[in-house]
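Read the structure below first, then the notes.
Numbering (full-length UniProt numbering), first residue to last: 1 to 171.
In structure tokens:
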């Protein structure tokens, strides 16, 4: 897909803006040189003093017309190729602009997500530092009191075991 947008271009060490400007200048000079001969008078044949028969003259005229038509076709084909090249360049530039826009949006979205994650992590660190003993944090996170436990099983033995473990470690 990318081949449709870009021509084969040799890389150089020049910045892209300078390279495009120089390339456009060179192409402009080439096109103006080519166009300078467009309106030029046709080349007059060298006239010899030799006798030319009417059949030979007709043949020369036909060849001249054919040559003029061929030159006109070449010029037309060159003009079409220039237009196609310009269209490809424009499509490539539009593709690059759209790609850069999309990339910037993704980067901004990732930045926002990272900020949110960092804020959550900082809050968790603050909450973690509130408890001096890790068992206090464990007890605050589980509902083992008689009225708080939402389940159906009796958890008094588990509650007593955790409290005993805490008291053993804090002594």
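Backbone N, C-alpha and C fix where the C-beta goes; we use that ideal spot for every residue, glycine too.
- In this structure, DSSP gives residue 65 a helical state, which the three-state scheme calls helix.
- Leaving aside the five residues that flank residue 105 on each side, none in its chain has a CB nearer than 8 Å to its CB.
- Residue 96 and residue 119 have their alpha carbons spaced roughly 35 Å apart.
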